[in-house]
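full-length UniProt numbering applies: residue 1 is where the sequence shown begins, and numbers increase by one. Using N, Cα and C, we set each Cβ at its ideal position, and we do this for glycine too. Please read all numbers here as calculations on a predicted model, not as lab measurements. Worksheet: one structure, shown below.
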Amino acid sequence: MLTFVLGSAFVIVFLTVWVMLPYWIYQQIIKLADLPLGPLRTGLNWWLAGTYYLMPMVTGLLVLLKGFTYFLDPTSLFPYFVVWVVAMLVALVPGYIGFRRWYKQQVPE
1 MLTFVLGSAF VIVFLTVWVM LPYWIYQQII KLADLPLGPL RTGLNWWLAG TYYLMPMVTG
61 LLVLLKGFTY FLDPTSLFPY FVVWVVAMLV ALVPGYIGFR RWYKQQVPE
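As structure tokens, then:
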């Protein structure tokens, strides 16, 4: 019983960290760069939204291509790393789109 409880607690903590990593990166970029509201912050918001949109898609694609057992290997964290990296890199495209849209919506003074 204790093993089940400890294993469940580990899975919950691991999934929480896995899901929250892009948000933590987002917060650290805002703190380190001291980003005010503007084009860079808008692009960063779009990047975060794109990342969370793409993470389930990348996971689903890996399940379709490799099978569900690809994620069940307890010794390999590589599949989870792939989901993070691919989603965060591909989400640079919506981030750039948000950055450009911010400039297009600004009225010249």
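Does the Cβ-Cβ distance between Gly7 and Thr42 come in under 7 Å?
no
Could you give the first and the last residue of the continuous alpha helix (DSSP H) run that contains Met1?
First-last for Met1: undefined, no H or E at that position.
CA-to-CA distance, Phe71 to Tyr48, given in whole angstroms:
Reading off the sequence shown, one finds Leu at residue 48, where the question assumed Tyr. About 24 Å.
Between the beta-carbon of Val86 and the beta-carbon of Val58, is there less than 7 Å?
yes
Where the alpha helix (DSSP H) containing Phe99 begins and where it ends
92-105
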